[in-house]
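J.: Quick note, the sequences are listed as chains U and P, same order. In terms of the numbering used here, the first sequence opens at residue 1 and continues consecutively. In terms of the numbering used here, the second sequence opens at residue 1509 and continues consecutively.
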Amino acid sequence: MSQIETKSLYDPSYEHDACGIGFIANLKGVKSHKTIDDALKMLENMEHRGAVGFEENTGDGAGVLIQMPHNFFKITCKEIGIDLPDYGKYGVAMIYFPKNVVMREACRKIFNDSIEHLGLELLGYRNVPVSNKTIGKTAISTEPKIEQAFIVAKDSYLPSDALERKLFVLRNWSYHQFCQQFPENKDDFYIVSSSYKNITYKGQLTTYQVREYFLDLSDERLDSAFAMIHSRFSTNTFPKWKLAQPFRYIAHNGEINTIRGNVNWAHCNQTLFESSLFTKDEIEKLLPICDHENSDSANLDNMIEMLVLGGRELPHVMMMLIPEAWQNDDSLKDPKRAFYEFHSSIVEAWDGPASISFTDGHIIGATLDRNGLRPSRYCLLDDDTLIMSSKAGALPVDQSKVVKKGRLEPGKMFVVDLDQGRIISDEELKQRICTEQPYRTWLEQNEVHISKIPVPEKPTYPYNLETLKQRQICYGYTTEAVKENIAEMINQKTDPIGSMGNDTPLAVLSQQSRHLSNYFKQQFAQVSNPPIDAIREKIIMSLKTSASRSFNMLSQSSVHCKQITFDQPVLSNSELDALRHMSHPDFRVTQINAVFPANGTPGDLEKALQKMCADADKAILDYTSNILLISDRNTDKNTAPIPTLLATGALHNHLIKNGLRVRVGIIVEAGDAWETHHFATLIGYGANAVNPYMAFETITTLAEERYIAKDVDIESANKTYIYAIGAGLLKIFSKMGISTLQSYKGAQIFECYGIGKEVIESCFNGTVSKIGGLNFDDIAREVLVRHKAAYPQLPIVNQRLEEGGIHQWKHRGEKHLFNPETIALLQHAVRTGNKEIYKQYAKKVNDQAEQQFTLRGLLEFKGNRKPISIDEVEPASNIFPRFATGAMSFGSISHEAHTTLAIAMNRIGARSNSGEGGEDEIRFVQKENGDWERSAIKQVASGRFGVTSNYLANCNEIQIKMAQGAKPGEGGQLPGHKVDDWIGRVRHSTPGVGLISPPPHHDIYSIEDLAQLIFDLKNANPNAEISVKLVSKAGVGTIAAGVCKAFADKVLISGHDGGTGASPISSIHHTGSPWELGLAETHQTLVLNKLRDRIIVQADGQMKTGRDLAIAALLGAEEWGVATAALVAEGCIMMRKCHLNTCPVGVATQNKDLRKVFKGKPEHVINLITFMVEELREIMAQNGFRTVNEMIGQSDVLRQREDVSFWKVQKLDLSPIIYKVPAEPGVGLYKSIPQKHKITDVLDRTLIEKAKPALEKKQKVTAEFPIINTDRAVGTMLSHEISKRYGGEGLPEDTITYKFRGSAGQSFGAFSQKGIRFELEGEANDYFGKGLSGAKLIVVPDRNAKIVPEENVIVGNVSFYGATSGEAYIKGMAGERFCIRNSGVKAVIEGIGSHGCEYMTGGIVVVLGKFGRNFAAGMSGGIAYIYDPDGLLPQTCNKELVDLEDVAFEDIPELRQLIENHKNYTGSSLATNILNNWDDSIDKFVKVFPRDYKRVLEERKKKQEASV
Amino acid sequence: MGKPTGFLEYDREVPQYKSPAERIKDYAEFYLEFSSKKTETQAARCMECGIPFCHNGCPLGNIIPDFNDAVYHQNWKQAYEILSSTNNFPEFTGRICPAPCEASCVLGINKPPVAIEHIEKTIIEKAYQNGWVVACPPQVRTGKKVAVVGSGPAGLATAAQLNKAGHTVTVYERDDKIGGLLRYGIPDFKLDKSVIDRKIQILEEEGIKFQVNVNVGVDVTVDYLLQEYDAVALCGGSTIPRDLPIPGRENKGIYFAMDFLKDNSKRVQGSKVLRDEPINVKGANVLVIGGGDTGSDCVGTSNRHGAKSITQIELLPKPKTERGIDDPWPMWPQILRTSSSHEEGCQRLWSVSTKEFIGDGKGNLKAAKIVDLEWETPKPGQRPNFKEIPGSEREIPCEFVFLAMGFVNPQHEGLLDNLKVAYDDRGNVKAEYGKYATSVPKVFAAGDMRRGQSLVVWAIHEGRECAVAIDTFLMGYSNLEAKETSRYSLK
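#1: Examine chain P for any beta-carbon lying closer than 9 Å to the beta-carbon of residue 15/U, and answer yes or no.
#2: Using the Cα positions of residue 358/U and residue 1340/U, report the straight-line distance between them to the nearest angstrom.
#3: Am I right that residue 545/U and residue 742/U are in contact with their C-beta atoms under 8 Å? What's the rounded C-beta distance?
#4: Between which two residues does the alpha helix (DSSP H) containing residue 740/U stretch?
#5: For residue 1447/U, collect the residues of the same chain with a Cβ closer than 8 Å to its Cβ; drop the 5 residues on either side in sequence, then sort them by chain order.
#6: Comparing the C-beta of residue 1634/P with each C-beta of chain U, is any distance below 9 Å?
#7: Provide the residue(s) that pair with residue 363/U in DSSP beta bridges, ordered along the chain.
#8: Just to make sure I have the definition right: I need the residues of chain U whose C-beta is within less than 7 Å of the C-beta of residue 1891/P. Which are they?
#9: Classify residue 1207/U as buried or exposed, calling it buried when 16 or more other Cβ atoms lie within 10 Å of its own Cβ.
#10: Taking only the alpha-carbon atoms, compute the straight-line gap between residue 1508/U and residue 1288/U and give it to the nearest angstrom.
#11: Chain U partners of residue 1999/P, CB-CB under 8 Å?
#12: Compare the Cα-Cα distances from residue 1375/U to each of 1323/U, 885/U and 1386/U and report the closest residue.
#13: Can you list, in chain order, the residues of the segment 1582–1603 of chain P whose Cβ is nearer than 9 Å to any Cβ on chain U?
#14: Rank 1538/P, 1711/P, 1531/P and 1638/P by C-alpha distance to the C-alpha of residue 1671/P and give the top, closest one.
#15: Would residue 1520/P pass as an interface residue toward chain U - the criterion being a Cβ-Cβ separation below 9 Å?
#16: If I measure Cβ to Cβ from residue 1197/U and keep anything under 7 Å in the same chain, skipping five residues before and after, which residues do I get?
#17: Taking 9 Å as the threshold (beta carbon to beta carbon), is residue 337/U in contact with chain P?
#18: Going by beta carbon distance, what residues of the same chain come within less than 7 Å of residue 1/U, once the five residues before and after it are set aside?
#19: Is it buried or exposed for residue 1985/P, if we count other Cβ within 10 angstroms and need 16 for buried?
#20: Compute the beta-carbon to beta-carbon distance between residue 1692/P and residue 1780/P, rounded to the nearest angstrom, for a pair I have assumed lies under 8 Å.
#21: Taking Cβ-Cβ distances below 8 Å as the criterion, which residues of the segment 790–803 of chain U are in contact with chain P?
#22: With a cut-off of 8 Å, do at least 3 Cβ pairs link the segment 32–47 of chain U to the segment 395–406 of chain U?
#23: Suppose you measure from the CA of residue 1511/U to the CA of residue 1293/U; what does that come to, to the nearest Å?
#24: Would residue 664/U count as contacting chain P if we go by Cβ distances under 9 Å?
#25: Put residue 1648/P into one of helix, strand or coil per three-state DSSP.
#26: Note down, one range per segment and in chain order, each alpha helix (DSSP H) of at least 4 residues found wholly within the segment 1538–1624 of chain P.
#27: When you compare only the Cα positions, how much space is there between residue 204/U and residue 1227/U?
#28: Within its chain, find whatever has a CB closer than 6 Å to the CB of residue 1219/U; leave out the 5 residues flanking it on each side and keep chain order.
#29: Reducing DSSP to helix, strand and coil, say where residue 1932/P ends up.
#30: Kindly provide the ranges of any beta strand (DSSP E) runs that are 3 or more residues long and lie completely inside the segment 551–629 of chain U, ordered along the chain.
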């Protein structure tokens, strides 16, 4: 394995998991075996949330944590001769020993010796009885020998808590010793749990196997008052028993996005550890607590354990590590706010989506992260049983015993105190914890806000416009940077927007000196965790930062908050001056100069960095400085600036290694920071705050240059600039799912292309950099080119800045693959059908000996296979079906451009892609001449525009867009003026009303959610292939493996450089990786996992020639997508103005006049594909391949070119890309086995059978069915049958009336068609009514349940996501994000969670009860009526897009009708009461009216009146 | 970016000319007033394309979208700085360039292109008006000396750039005034000579030495040149005209176009003339052979003389009126162009070959015998062939014929032969494009002398790039702005 890691692109650190979790507890602490048994049942019902690999009987891991079963052990130990003392006097270590006897005994010796050494005593070992009969080969291959060690303290009076600490030391220390002795075998020895109170049974098992495997678990004598379970869905299948959960304190469903930073900070913080509860020696034995080799969840568990055993109570620790969104929530008051504020100076949040169950044996509880992106439902029974789980109904219960049903809310906690025998509410618990110390007083006495520090009268460095240009050149400024970046940020108040992707070389291939940050690409979330909407959900985001030293984490005192605080990380010059000159007893600032001699002597830069580090050590140790100011100001003719990113990374990493990083804050005075990405990299690599002094100085010239309006004063321009950088930063954090700057700081959320090992290790340690690259001298060389341009040997008159040309092609700018020559040649070739001209074009693109653009350009064919005649190569017509055009929505490109692509693709049997904007149903019908405008691929993106049952029924492939190359991790926005009548109709939205695509799919927060959506869509069209579009990045292979395990038929690896739509320029250029890397990693990982033959791999991203296709096939792709080149073929000339609607050739515009000038023809596109295929066939012949299938993954016919003389390129090592993973015989290298979709036995088969009279003759049918939580996507396949027969029309209302009773699984009623009426008695899980396409859904609580409907959650999160039409009446509450992206459903409900009606664009929602925070965020259309007798809505509603109004007179009939319907359908007493007191009630309703929508309605009304 | 929707709102508009009847009365430029407000509006039509094809179409690499944007924002000074960073002589190109930039303007795909040339001219004229065009002599002199032979656009550009780099530059011109073809080849009504003079003055103030009436190779030996200077730039142009050796060529009244134009220009400018008797076509029938720009200049000049009739004939067929499959956008379109001189009156014939010049028996030209041609569609990769149409022979009465059929190569005897430079197979000085070094050490060549007859804008381009090559040769590096290479280049 390790050899493969170094040679290939696969890296185990990429692995992700997501899970099902839950617990059952008896409130009164009554122990029973039933609790365990029920928990295991619940676990088994979560099977679909876990996953299996290529072997069905090898799971990803599952387990259960229970209280110490003292009685059971007492008896069973007696049988083996161990006499156990009383409960609390002994501990049990559950141990995975190696199978190998020699190794095992070596482990045992270490363990036994450690016991002895720590003053403990071993009573004996017990072999844990297991049965591995049903577990898979892979799991068996690494199955450990599992034993339990029984341990007592030599001192029999030692209190239980002290014993617990000793057991903790024992576990860590013995493991550390083992790792030291056997560094190659770290996975062979593992202590699952070692405690006197709890024990964990877990393994690389499926959920069903847990019970079968551990015989103890079926023993009736085994009892506990609670049982916490976990089922893992991992992206990989490499067996690792120890990664199964629960751990010792928690079961975690989610992902810690900031893990690298958290572990680094923990590594530093531990140097300050002191505790009265541990001896110094014990603390040393415990360390390290966290390390990069562990999973994020395991590290979190370790950290929690340390803090708990260090003296804090468990809920307190959870509040520290997973704080609520406190920074921007005005409703949050002291003492809670003070608590969080105080603790933010002790530890940064461990940020990411998280649903966590936790226990210390006395309490058991659960918490959700600040954003609440994981489901958590609970149910309390009248026998004091509490069931908490990722999903409702996981354990079937007698509904008549249910007292309460609820859900956990974002940032909230829920604790059962088994000693007190009661549930402690979030409020009570936090109130107590937050008042234990005078946090506010401590803060007031010690924290210093930057605004409170006096600013010196005269600036230290006044502006100097005379030397400005020279210094700008020295720091790498270009005209483009000044005009298109800095000025645009001030003009647009946000990151500038661009379009048409990126066709410039990677920084390491560029022949121009590039900013160091250009070598770093931002990471982003896809599949395994969701990105966040930093705009609509800004309530959870924060830019607050602080600087100074930290203190011992194991204690708390007033000094812990001696920090200088900042509202955001961009410091003005005067703020920096204030810091520079401050005199304050608590703070001492030392400047560290980041400069080096400019004479080009090798080693100078590295020496300068070393000196910086030495200076810093000295400042900290000798002068007790607690703030370091890295400055690159002191440059001149002989002194060049060190890139501040390099300087910051070097210092940060140095101080982490020697443990001093927590003793200082780092402020950077950076001449080379002006765009968002620069700030992101600086902060990501350790800066607490940044002063971009050159940017401020540049701003003083902008008005003069007319880049900004003449009347903008400098002060406000600076402010706008700072604001825009902040907004850009939030966007960057959020695309990775990170909410706060504090957590982002030092989290190193980047991957790197083109920096060599030595630099990475000393400055960017841990950053993925797979292809090698520059060393220190090389970086110096790049800097010195700029330095020399700034300080030429002879002075230059009228010095001008360089062009830049990164976005707009310029002669002297960065090179572009699509340039005037290649565009002209390609268009000439496809219009004339002249193959010779195409060849000229292809030569210019392919031959990169002189000018390098792409990694594939650096590869060449070895020619090690015997050439064959081209006649022997499969014909072009065989190859055509492997093509797809890229996903471009109707809306982003014109109807003409869109249909031309569709007709072209349909003519040659290839596939065009609808994009995310829906598709006009008139295109579903083939034309008389045989042409077909129907897109074979229908895309499902986060906005779900126009995604109806009928849309999904009319395709061959459904593509789930997880991300797009141009802006992975971000959503889109279509401004209202672009939504004309046609687009509005196709998107099922109101013309004139703006549309927002959320950054995440709100039904995909994790890999198991994706599996659910795939399942839903497979039901929505069983004949369509389901494809998942990912963007290439380090780790994408692992995600692709997860996608395969989620039963996708196809995965698309999209290069970072593609992209036809509009997106922030910083995303276009600084996010994602080239497809060569992502594709190769995907293929390698899938082959390693033996999953490759289950899934088609497609690649796209600037595919321009047949050679590109050949390389892609050899690296593992059996299909290709072509987008930009296809657009160019039909007329695009790379205006890069798609976002302005002014495309002058009618491609990317909706302007009627401009659409008329569109000249593209299907023939042009077909010519392009034909040329590409012919070129491919020639390459196949030259390399002896008869078919494309033969080529796939045969990367050993490639090698790295050696004839490229450019010095930067010579540093690269592309061997990981072309590494061919050794595959065992029989492991397929391309898709040859169909996925098992598990849709053969779904409930819908029965529903369809019963509905035959309706389907065939439109006759009314009624029927009743029981339903359980594994019945998912009920109604979806039935609706497909309706769509197939009746299209978008569906059936007449209530043709099919079905009644269900029980707990419905996820996606109940998803994409349900007109004519369906479902009545559910009981409850439903998440995604209820997703994509509803006309059906009527009614939910009431079980007839036996005693719950009060409006106070109990009976429908899960994210209901009616993307619904387009239909009705719903729910007697009870729903979870978060009710009616998100609804565009037409009318729904009545009795209470909802947070983010209700988010991004809604149409429909009507009536809420008769509670409504959570952030209601109506991003709501641009539709209307909500909220019954708000207490007048609370104004505080919790997000009023950015909506107004709150009284219900208008003309609204009343419809509102009343809906409530009457609700009463009639559900028998709601709430509705009855409201109706009975209608005149009073109507005044208590608030109408939530989106402003945009209101405007459109008014305009429409005026028009109508005018026409009358 | 200027105005995203400008191109949708405004149509192309450029200054009108005086009426033909008015303008042929003298040799003055004949543009009518055009407000700068209007020019700013024209600049708003620029779309600032992701790929500015104009910027590529311009041989100089003028940064057109950027100066358009500056003009739209009324920041004329910035526009001037941008323009002058790539073009030493926008006052020339703004007047006489055929504007390949406009041919490749993206807007030109389906609308009239942006009025780039007009904007360019306006920028530089505004710069002069506002006193922004001032001498910027280099701050430091390198002590290196360079001779530039020829003071046409290539020579002037070479000299200007080398001087900027701090070298001491001497320009040699064999004629009596600086400017080469600009001075006497291009009629005054197309380029007023004060435009050259004011620029030369600035170049002189910047330190360039101009030596006129010096024919290098004759008046100054090449040995002297090579001894005295650290580098030599050959920018003498392509001066040997193509002849038409058919019967009757010896008759009086048959001139090379350049002889006619030069003689006329010298008289207009009051310079010393080489012949006593002017070539005056007043009241005469004029035949111009050759359908290019020089021919067109002969037409314009003849009209100003008051010719009785003017006929311009061309061997090639009449071009199409629109682009075809072989010259799609953004290529230079082979379409029919009607110059201002044509508007002033002349008959144009295409697919016509001249068979014979017919004299009046006294050695004076009386007529020319021409014949119509039929062109065959060429086979791929072959030159097209023509054949005469039987029975189409006829005579055109003419007392004057101007041969405007282009130039063959630079003059070999004298300078070039003495230097013993190698020639390419077309007889031009051999020097690789982009490198400009000839076969003789430290001797460089640029412009028509190297590339053969071409446009002024190409000459300026070659001059600038040649200067970079010479500077690099002298210093080991160059800080001069080059068309393709950024100063941030790592190579």
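Glycine is no exception: its CB is placed at the ideal position from the N, C-alpha and C atoms.
T.: Result, derived from the coordinates:
#1: Within the first sequence, residue 15/U is the residue found at index 15, counting from 1. False, the Cβ-Cβ gap to chain P never drops below 9 Å.
#2: Here residue 358/U corresponds to residue number 358 of the first sequence, with the count starting at 1. Here residue 1340/U corresponds to residue number 1340 of the first sequence, with the count starting at 1. Their backbone Cα atoms lie some 32 Å apart in a straight line.
#3: Sequence index remark: in the first sequence, residue 545/U carries index 545 (1-based). Sequence index remark: in the first sequence, residue 742/U carries index 742 (1-based). Confirmed, about 6 Å.
#4: If you number the first sequence from 1, residue 740/U lands on position 740. Counting along the chain, residue 740/U falls outside any alpha helix (DSSP H), and DSSP gives it neither H nor E.
#5: Along the first sequence, one-based indexing puts residue 1447/U at 1447. Closer than 8 Å at the Cβ level, and outside the excluded window around residue 1447/U, lie 1425, 1455, 1482, 1485, 1486 and 1487.
#6: Working through the second sequence from its first residue, we reach residue 1634/P at position 126. Not one chain U Cβ lies under 9 Å of residue 1634/P.
#7: As a position in the first sequence, residue 363/U is number 363, starting the count at 1. Residue 363/U pairs with 417/U.
#8: Translated into the one-based positions of the second sequence, residue 1891/P becomes position 383. Neighbours of residue 1891/P on chain U: none; closest Cβ ~18 Å, over 7 Å.
#9: Reading the first sequence from its first residue, position 1207 is the one you call residue 1207/U. Result: exposed.
#10: As a working note, residue 1508/U is residue 1508 in the first sequence. As a working note, residue 1288/U is residue 1288 in the first sequence. Cα to Cα, residue 1508/U sits roughly 32 Å from residue 1288/U.
#11: If you number the second sequence from 1, residue 1999/P lands on position 491. Neighbours of residue 1999/P on chain U, chain order: 511 and 1206.
#12: Start at 1 with the first residue of the first sequence, and residue 1375/U comes out as number 1375. Closest by alpha carbon: 1323/U.
#13: 1582, 1583, 1586, 1589, 1590, 1592, 1593 and 1594
#14: Position 163 of the second sequence, counting from 1, holds the residue named residue 1671/P. When only C-alpha atoms are compared, the closest one is 1711/P.
#15: Walking along the second sequence from the start, residue 1520/P turns up at place 12. Chain U, which has no Cβ nearer than 9 Å to the Cβ of residue 1520/P, makes this no.
#16: By 1-based counting over the first sequence, the position of residue 1197/U is 1197. If you ignore the 5 residues before and after residue 1197/U, its C-beta comes within less than 7 Å of the C-beta of 861, 862, 864, 865, 1114 and 1183, all in its own chain and listed in chain order.
#17: Stepping through the first sequence from its first residue, residue 337/U is reached at position 337. Chain P contact via Cβ: absent.
#18: Numbered from 1 along the first sequence, position 1 holds the residue referred to as residue 1/U. Because the pLDDT at residue 1/U is just 45, under 50, the model does not fix this residue reliably, and the value given afterwards should be weighed accordingly. So the list is empty, once near-sequence residues are dropped.
#19: Here residue 1985/P refers to the residue found at position 477 of the second sequence. Exposed: under 16 other Cβ atoms inside 10 Å.
#20: Translated into the one-based positions of the second sequence, residue 1692/P becomes position 184. Translated into the one-based positions of the second sequence, residue 1780/P becomes position 272. With a Cβ gap of about 11 Å, residue 1692/P and residue 1780/P do not count as contacting.
#21: 792, 793, 794, 795, 796, 797, 798, 800, 802 and 803
#22: yes
#23: In this structure chain U extends from 1 to 1508, so residue 1511/U is not present and cannot be described.
#24: Position 664 of the first sequence, counting from 1, holds the residue named residue 664/U. No, no contact with chain P.
#25: Locating residue 1648/P in the second sequence gives position 140, counting from the first residue. Of the three classes helix, strand and coil, the one that applies to residue 1648/P here is coil, per DSSP.
#26: 1544–1551, 1561–1565, 1572–1580, 1584–1594, 1598–1604 and 1608–1611
#27: Position 204 of the first sequence holds residue 204/U. Position 1227 of the first sequence holds residue 1227/U. Whole-angstrom Cα-Cα distance: 23 Å.
#28: Here the question's residue 1219/U lines up with position 1219 in the first sequence. 7 and 8.
#29: Translated into the one-based positions of the second sequence, residue 1932/P becomes position 424. Under the three-state reduction of DSSP, residue 1932/P is assigned to coil, being neither helix nor strand.
#30: 564–566, 589–593 and 595–597
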